[in-house]
Amino acid sequence: MNFKVLGIVLYAVSFLYTLFLQAVSYRSKNNPIPENVRDIYDAESYKKWQDYHRETALTDLVSSVVGFVIYLLLFVFDILPAFDVGGNLYLSAACVLIFVLTLDSVMGAVFSYVYSMKIDEKYGFNRMTMKTFIADKIKGWLIQLVIMIALDWLFILLYESMGDMILLLFSCVMIAVVFAIIFLSPYFSKIFNKFTPLEDGELRDKLTALLEKNGYKVREIQVMDASKRSSRSNAYFAGLGRSKTIVLYDTLIESMTPDEITAVFAHELGHGLHKDTFKNSFIAILQMVTIVLLAWLTVRTEAIYPDFGFEGRNYGFALVLVMVIEMPVLLPLFSLIASALSRRAEYRADRHAVNEGYGRELVSGLKKLAKDNLSDLSPSPIEVALTYSHPPLSKRIEAIEREMGEKE
Ligand SMILES: [Zn+2]
């Protein structure tokens with residue numbers, strides 16, 4: 009069996025899956041809007057919504073095709089072996105990774121430029137200056153480069169000294185990395201945004217009262233300067249243990265009433281009370297362990313490297329194979345499970361807001377969120393099952409109203 013042929017076939021399969029998802033999503037844009045969310049868009053904004061989604065769908069398509077073709081060329085014409093400097097394992101792994109990650113970041117930046125500076129700009133979402141855009145991309149590229157090369161080098165060090173024992177040890181390392189990332193995420197976010205404690209006043213009093221009533225402690229309620237990038241609004245829960253933080257976008261505070269914000273906050277508090285961040289980390293761990301397993305198999309299978317034009321094993325290329333070819337084949341399965349669990353957690357968090365007496369405000373708050381974000385109100389059920397971390401809005405409102413009815 010030639011591993012290059014197998015690799016390209018697998019790569020084509022996951023590319024076809026991506027195209028399938030995009031086609032399903034594109035077709036669903038003509039679905040009728042459910043009754044209970046029909047008041048979100050008026051005729052004009054609905055037209056804007058459809059145009060917006062058509063343009064992003066087209067860009068999605070172009071971006072997947074370009075990405076597919078570029079990697080295909082890299083594999084078919086044995087371009088990556090040219091970056092294998094030979095001799096030192098660490099150096100030749102790093103050279104391949106630097107080339108691939110830089111190429112990937114440049115491609116990503118080009119399309120992200122189209123999404124934010126062209127499409128979002130045209131539809132009035134974008135508030136990002138060119139300076140912020142470039143700074144974001146450079147920071148993202150550097151962080152990725154440092155993390156990937158460091159993990160690859162650790163893998164080389166352990167595998168070269170311990171062999172197959174690495175499977176267990178490196179899995180533990182990756183689990184520690186997952187927890188460290190979740191724990192540190194409120195601090196990491198500061199690389200990209202400014203966070204300020206929510207200022208004193210009616211809103212802060214309401215939110216603090218809600219936290220106290222539930223006996224829940226967070227490190228801080230923070231406001232993020234999301235408006236420096238776009239007009240989209242949101243709120244989220246981050247961190248673990250002592251780093252737990254509830255973050256409100258400044259755009260959310262601009263567009264909602266204090267009661268609506270409190271309702272959204274009660275939803276986020278629901279996530280906190282149910283330890284959803286902690287529960288979600290199990291899927292991330294499962295994914296990390298799979299990556300370690302695949303990396304181990306890829307490194308052990310010596311015949312792969314000559315098939316792809318390398319003289320011998322290259323640890324950087326092994327990581328590229330895992331991330332570009334092997335993981336994407338399994339990703340739909342992870343996404344199916346992770347998104348189903350996440351949607352369940354969303355219903356549960358909504359229920360918490362209803363139990364706090366904020367059902368009605370949550371409905372109106374979520375409608376504003378949907379409008380601010382030009383959300384898809386009638387996505388295809390296939391798309392929802394395979395990729396949606398949140399249930400469609402009409403389903404959430406149905407559940408919220410049902411629970412409000414039960415309480416009365
Ligand atoms: Zn949520």
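Numbering (this note's numbering), first residue to last: 9 to 416. Virtual Cβ for every residue (Gly too), placed ideally from N, Cα, C.
Check: If you run the structure through DSSP and keep just helix, strand and coil, what is V231?
Finding: Stepping through the sequence shown from its first residue, residue 231 is reached at position 223. In this structure, V231 counts as strand in the three-state DSSP scheme.
Next item on the list: Could you tell me the distance, in whole angstroms, from the CA atom of S169 to the CA atom of L338?
Entry: Within the sequence shown, residue 169 is the residue found at index 161, counting from 1. Within the sequence shown, residue 338 is the residue found at index 330, counting from 1. Taking the straight line joining both Cα atoms gives about 30 Å.
Check: Do you know whose CA, among L99, S388, G95 and G15, lies nearest V84's CA?
Finding: Residue numbering aside, residue 84 sits at position 76 when the sequence shown is read from its first letter. Of the listed residues, the one whose Cα sits closest to V84 is G15.
Next item on the list: Tell me whether A246 counts as near ligand 1, meaning its Cβ is closer than 7 Å to at least one heavy atom of that ligand.
Entry: Taking the sequence shown and counting its residues from 1, the one referred to as residue 246 is at position 238. Result no, Cβ not under 7 Å from ligand 1.
Checklist line | Proximal residues to C103 (C-beta, below 8 Å), its chain only, five neighbours per side dropped | finding: Here residue 103 is taken as the residue at index 95 of the sequence shown, counted from 1. F91, D92, V93 and G324.
Item checked: Nearest to K145 (by Cα), restricted to the options D112, F163 and I174 -> As a first step, residue 145 is located in the sequence shown; it is residue number 137 there, counting from the start. Comparing Cα positions, the closest option is D112.
Check: Does any residue of chain B bring its CB to less than 8 Å from the CB of E228?
Finding: Structure shown: chain B not included; a single protein chain is present.
Note to self: At a cut-off of 7 Å, would you count H279 as near ligand 1, judging by its Cβ distance to the nearest heavy atom?
What the structure shows: Reading the sequence shown from its first residue, position 271 is the one you call residue 279. Yes, since a heavy atom of ligand 1 falls inside the 7 Å radius drawn around the Cβ of H279.
Next item on the list: Kindly indicate which residue of S33, S263, F342 and D68 has the alpha-carbon position closest to the one of I293.
Entry: The residue you call residue 293 lines up with position 285 of the sequence shown. Cα-wise, what sits closest to I293 is F342.
Check: Beta-carbon separation of F107 and M125 under 8 Å?
Finding: Taking the sequence shown and counting its residues from 1, the one referred to as residue 107 is at position 99. Taking the sequence shown and counting its residues from 1, the one referred to as residue 125 is at position 117. No. Outside cutoff.
Check: Are at least three pairs of beta-carbons, each pair with one atom in the segment 67-84 and one in the segment 18-27, less than 8 Å apart?
Finding: The segment 67-84 makes contact with the segment 18-27: 3 or more CB pairs, one atom from each, lie closer than 8 Å.
Next item on the list: Flag A357 as yes when its Cβ comes closer than 7 Å to any non-hydrogen atom of ligand 1, and as no otherwise.
Entry: As a working note, residue 357 is residue 349 in the sequence shown. True, at least one ligand heavy atom lies under 7 Å from that Cβ.
Notebook entry, point to check: What's the gap between the Cα of S193 and the Cα of V185?
Noted result: As a first step, residue 193 must be located in the sequence shown, where it is residue number 185. As a first step, residue 185 must be located in the sequence shown, where it is residue number 177. So the two alpha carbons sit approximately 12 Å from each other.
Notebook entry, point to check: So, are the CB atoms of P42 and S386 less than 8 Å apart?
Noted result: Here residue 42 is taken as the residue at index 34 of the sequence shown, counted from 1. Here residue 386 is taken as the residue at index 378 of the sequence shown, counted from 1. S386 is positioned such that its CB atom lies closer than 8 Å to that of P42.
Note to self: Suppose you measure from the CA of L277 to the CA of G148; what does that come to, to the nearest Å?
What the structure shows: Residue numbering aside, residue 277 sits at position 269 when the sequence shown is read from its first letter. Residue numbering aside, residue 148 sits at position 140 when the sequence shown is read from its first letter. Rounded to whole angstroms, L277 to G148 spans 30 Å at the Cα level.
Checklist line | Proximal residues to L218 (C-beta, below 8 Å), its chain only, five neighbours per side dropped | finding: Counting from one through the sequence shown, the residue named residue 218 turns up at place 210. Excluding sequence neighbours, L218 sits near T270, F273, A274, L277 and E364.
Check: Relative to the C-alpha of F318, which residue among G209, F163 and G95 is closest?
Finding: Reading the sequence shown from its first residue, position 310 is the one you call residue 318. For F318, the nearest C-alpha among the options comes from G95.
Notebook entry, point to check: Measuring CA to CA, which of L215, N222, Y313 and K221 is closest to V231?
Noted result: Mapped onto the sequence shown, residue 231 falls at position 223. Ranked by Cα distance from V231, the options L215, N222, Y313 and K221 are led by L215.
Item checked: Cα-Cα separation between V13 and L82, rounded to whole angstroms -> For this step, residue 13 is matched to residue 5 along the sequence shown. For this step, residue 82 is matched to residue 74 along the sequence shown. V13 and L82 have their C-alpha atoms spaced approximately 13 Å apart.
Note to self: If the criterion is Cβ atoms closer than 8 Å, does the pair S350 and N44 meet it?
What the structure shows: In the sequence shown, residue 350 corresponds to position 342, counting from 1. In the sequence shown, residue 44 corresponds to position 36, counting from 1. For S350 and N44, no; Cβs fall outside 8 Å.
Item checked: CA-to-CA distance, L80 to P89, given in whole angstroms -> Taking the first residue of the sequence shown as 1, we reach residue 89 at position 81. Taking the first residue of the sequence shown as 1, we reach residue 80 at position 72. Approximately 14 Å, taken between the alpha carbons.
Notebook entry, point to check: Using a threshold of 7 Å, is the CB atom of H282 nearer than that to any non-hydrogen atom of ligand 1?
Noted result: Counted from its first residue, the sequence shown places residue 282 at position 274. No, the beta carbon of H282 sits no closer than 7 Å to any heavy atom of ligand 1.
Margin query: Going by beta-carbon coordinates alone, are L175 and V300 separated by less than 8 Å?
Written below: As a position in the sequence shown, residue 175 is number 167, starting the count at 1. As a position in the sequence shown, residue 300 is number 292, starting the count at 1. In this structure, L175 lies near V300, with their beta-carbon atoms less than 8 Å apart.
Margin query: Does F286 pass the burial test, meaning 16 or more other C-beta atoms within 10 Å, or should it be called exposed?
Written below: Counting from one through the sequence shown, the residue named residue 286 turns up at place 278. Label assigned to F286: exposed.
Margin query: Assuming the contact rule is C-beta atoms closer than 8 Å, S419 and S71 should be a hit. Round their C-beta distance to whole Å, please.
Written below: Outside the shown range of the chain (9 to 416) lies residue 419, about which nothing can therefore be said.
Check: Looking only at C-alpha atoms, which of N201, E414 and D315 sits nearest to M136?
Finding: Numbered from its first residue, the sequence shown carries residue 136 at position 128. Answer by Cα proximity: N201.
Item checked: Inside the segment 310-394 only - alpha helix (DSSP H) runs reaching at least 4 residues -> Runs of the alpha helix (DSSP H) spanning 4 or more residues and lying entirely within the segment 310-394 occur at 312-315, 323-328, 335-363 and 367-380, in chain order.
Note to self: Does the structure place the segment 156-169 close enough to the segment 255-271 that three or more beta carbon pairs sit under 8 Å?
What the structure shows: With a cut-off of 8 Å, the segment 156-169 and the segment 255-271 do not count as touching, because too few Cβ pairs lie within range.
Margin query: Bridge partners for F245 per DSSP, in chain order?
Written below: Within the sequence shown, the letter at position 237 stands for residue 245. DSSP output for F245 lists I254 as bridge partner(s).
Notebook entry, point to check: Roughly how far, in whole angstroms, is the beta-carbon of P266 from the beta-carbon of L211, given that I think they are within contact range, below 8 Å?
Noted result: Along the sequence shown, one-based indexing puts residue 266 at 258. Along the sequence shown, one-based indexing puts residue 211 at 203. Right, the Cβ-Cβ distance comes to about 5 Å (below 8 Å), so this counts as a contact.
Check: Near I183, which residues of its chain fall below 8 Å by C-beta distance, leaving aside the five closest residues on each side in sequence?
Finding: In the sequence shown, counting from the first residue as 1, residue 183 sits at position 175. Once the five neighbours on either side are set aside, the close Cβ partners of I183 are I293, M296 and V297.
Next item on the list: Could you tell me whether any non-hydrogen atom of ligand 1 is closer than 7 Å to the CB of E63?
Entry: Counting from 1 along the sequence shown, the entry for residue 63 is found at position 55. Checking the Cβ of E63 against ligand 1 gives no.
Notebook entry, point to check: Where does the unbroken beta strand (DSSP E) through P205 begin, and where does it stop?
Noted result: The sequence position of residue 205 within the sequence shown is 197, counting from 1. DSSP places P205 in the uninterrupted beta strand (DSSP E) bounded by F203 to P205.
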